[in-house]
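One structure is given below, encoded as structure tokens.
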Amino acid sequence: MASGKVIVEVERPGAIGYAAMDAETAYVAAEYTEVPGEVPAVDAISLADGSVREVIAPQVIAVDPKGQAPWNAAHGGLLTLSPSGRTLGSCIWQNNLCDIETLDLGTGTLTRAVTGLAGGLWLLSDEVLVAVGDADTYGYDAATGKLLWVIEGARAQSGYLLSDGLTLVEAYQDVGSSARIVATVDIRSGARHELLNTPKEELNPSLWAEASNDRYAVLIPGGQGLDVALAGTGSFVADLLDLSTGKIERAALRVSTR
Amino acid sequence: MQPKRSVQPTLRFPGLAPMLVAAIAIVILAVALRASFGGSAGASPSPSAALSAAPGSPPPEATGTPPQATETPPALLPLPEGLTNRTWVTLSPVEGVGYVAGTLDGRSHLVLPEGESPLAASDGRVLSIRFGPVAASGLASSSTVIVATWPAAR
Numbered sequence: 001m002a003s004g005k006v007i008v009e010v011e012r013p014g015a016i017g018y019a020a021m022d023a024e025t026a027y028v029a030a031e032y033t034e035v036p037g038e039v040p041a042v043d044a045i046s047l048a049d050g051s052v053r054e055v056i057a058p059q060v061i062a063v064d065p066k067g068q069a070p071w072n073a074a075h076g077g078l079l080t081l082s083p084s085g086r087t088l089g090s091c092i093w094q095n096n097l098c099d100i101e102t103l104d105l106g107t108g109t110l111t112r113a114v115t116g117l118a119g120g121l122w123l124l125s126d127e128v129l130v131a132v133g134d135a136d137t138y139g140y141d142a143a144t145g146k147l148l149w150v151i152e153g154a155r156a157q158s159g160y161l162l163s164d165g166l167t168l169v170e171a172y173q174d175v176g177s178s179a180r181i182v183a184t185v186d187i188r189s190g191a192r193h194e195l196l197n198t199p200k201e202e203l204n205p206s207l208w209a210e211a212s213n214d215r216y217a218v219l220i221p222g223g224q225g226l227d228v229a230l231a232g233t234g235s236f237v238a239d240l241l242d243l244s245t246g247k248i249e250r251a252a253l254r255v256s257t258r
Numbered sequence: 259m260q261p262k263r264s265v266q267p268t269l270r271f272p273g274l275a276p277m278l279v280a281a282i283a284i285v286i287l288a289v290a291l292r293a294s295f296g297g298s299a300g301a302s303p304s305p306s307a308a309l310s311a312a313p314g315s316p317p318p319e320a321t322g323t324p325p326q327a328t329e330t331p332p333a334l335l336p337l338p339e340g341l342t343n344r345t346w347v348t349l350s351p352v353e354g355v356g357y358v359a360g361t362l363d364g365r366s367h368l369v370l371p372e373g374e375s376p377l378a379a380s381d382g383r384v385l386s387i388r389f390g391p392v393a394a395s396g397l398a399s400s401s402t403v404i405v406a407t408w409p410a411a412r
């Protein structure tokens with residue numbers, strides 16, 4: 001068990017592979033089931049008392065006999081919550097295409113507004129679904145599935161939504177110039193505001209989305225991932241990108257595992 | 259409260275699916291074999307545990323070098339204004355230790371023991387999974403979901 005105080009400990013069948021959590025609830029799903037074409041159920045675990053309730057029942061989907069049935073039926077690599085905590089989303093793969101499935105946690109309404117995507121769901125608000133392909137980022141209306149905007153030639157590398165659910169902070173590589181760019185994107189309109197543009201000749205910082213917040217994006221110099229940055233001494237120094245001004249505070253944060 | 263979610267684009271690209279499934283099976287098998295022979299298991303058998311990995315990449319392997327206990331911890335900088343002691347999870351597998359995670363200012367940390375893999379975090383808490391016995395299919399037959407607080411005084 002982790003070295004902190006255990007809040008809940010619950011045994012579930014299968015290999016749990018997806019999870020999302022807010023203040024009161026953890027949502028979990030298995031990687032896949034033994035039944036070909038079956039999308040595993042999504043369970044909600046109360047962090048108050050450990051009780052479990054099913055919020056999405058298992059679903060059997062049609063699978064191309066030539067497809068990889070177990071994987072096709074998985075939840076597409078993630079369960080993700082909107083910043084408000086009202087919407088849960090995942091990507092249901094079906095014959096190598098993604099259907100974005102959202103659950104309104106208030107009403108229990110399950111929606112697949114966007115189907116047949118070659119890419120996959122990345123992030124979502126209650127109103128907009130953000131999806132990515134190999135080199136593009138897309139915004140879809142969560143209710144109607146209408147494509148709202150596309151950022152073309154932008155290979156998404158990391159990002160997060162601000163708590164207002166309206167703004168995406170995205171780090172991406174410009175496919176044409178190979179520059180590494182950090183920008184804010186209004187997910188209703190797709191309007192972009194570039195904050196940082198690092199030419200390909202320079203060492204690119206990595207956006208550390210998990211540690212970033214509404215005010216600062218945390219950047220790891222040198223384009224390193226966390227595992228590389230922490231290797232050896234177990235510590236590194238990060239920069240902070242002020243999202244309101246675009247100013248970088250160099251070496252503003254020392255991160256250590258000890 | 260604002261949920262703290264993984265925001266890396268851990269996407270599934272169809273072409274990688276067979277490789278990932280194979281990787282999962284291999285890792286689970288390796289975990290089972292190591293457990294059977296009294297060894298330890300440190301790698302995650304779940305591809306979704308790769309929250310900090312590049313899109314579509316396989317789960318991280320335990321290849322890092324454990325920090326030496328005799329090293330002097332680095333001096334910590336004051337936490338910049340606007341940054342609170344927020345939780346983060348680094349899925350850095352440290353060989354012989356497990357996964358290392360911590361809080362932003364480095365003053366507290368959490369080491370998940372071997373065999374326990376983090377899947378999600380929100381402020382002050384981390385959700386991890388401990389897999390049960392491996393079934394004949396090569397998959398874990400059960401999982402224990404553990405939600406724990408960070409150990410540090412906040």
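Going line by line, the protein sequences match chains A and B.
Residues 1 to 258 (this note's numbering) are what the first sequence spells out, left to right.
Residues 259 to 412 (this note's numbering) are what the second sequence spells out, left to right.
We put the beta carbon where it would ideally sit given N, CA and C, even for glycine.
Keep in mind the model is a prediction, meaning the values are calculated, not measured.
- Taking the Cβ atoms as the reference, A:L219 lies roughly 11 Å from A:V237, outside the contact range of under 8 Å.
- Pairing A:V175 with B:S380, the inter-Cα distance amounts to about 33 Å.
- At a cut-off of 4 residues, not a single continuous stretch assigned as alpha helix (DSSP H) sits fully inside the segment 180 to 217 of chain A.
- Neighbourhood of A:G14 in chain B, by CB distance below 8 Å: L397, A398, S399, S400 and S401, in chain order.
- The C-beta of B:A394 comes no closer than 8 Å to any C-beta of chain A.
- In this structure A:G89 is buried. Its beta-carbon is surrounded by 16 or more other beta-carbon atoms within 10 angstroms.
- The secondary-structure analysis by DSSP pairs A:D136 across a beta bridge with A:E152.
- Restricting attention to A:L207, A:T233, A:G232 and A:A211, the CA atom closest to the CA of A:G222 is found in A:L207.
- If you look at A:Y32, you'll find it isn't in any beta strand (DSSP E); DSSP assigns it neither H nor E.
- For A:I16, the enclosing beta strand (DSSP E) starts and ends at I16 to M21.
- Of all residues in the segment 39 to 53 of chain A, only I45 and L47 come within less than 8 Å of chain B when Cβ atoms are compared, listed by chain position.
- Non-local C-beta neighbours of A:G50 in its own chain, meaning closer than 6 Å and more than five positions away in sequence, comprise V8 and V10, ordered along the chain.
- One finds A406 and T407 in chain B with Cβ atoms closer than 7 Å to the Cβ of A:K5, taken in chain order.
- Considering only A:V42, A:A48, A:S46 and A:Y18, the residue with the shortest C-alpha distance to A:V55 is A:V42.
- Three or more beta-carbon pairs separated by less than 8 Å link the segment 12 to 20 of chain A to the segment 28 to 36 of chain A, which places the two stretches in contact.
- When DSSP states are grouped into helix, strand and coil, B:L397 belongs to the coil group.
- Using a 10 angstroms sphere on the CB of A:L243, the tally of other CB atoms reaches 16 or more, which defines it as buried.
- Judged by their CB atoms, A:L195 and A:L241 are nearer to each other than the 8 Å cut-off.
- A:D22 and A:G85 do touch by the CB rule: their CB atoms are close to 4 Å apart, below 8 Å.
- Look at B:A406 here: in three-state DSSP terms it is strand.
- Here the alpha carbon of B:L377 sits roughly 16 Å from the alpha carbon of A:A211.
- Closest in C-alpha terms to A:S158, from the list A:I45, A:E34 and A:P205, comes A:P205.
- If you draw a straight line from the Cα of A:D134 to the Cα of B:V405, it comes to about 34 Å.
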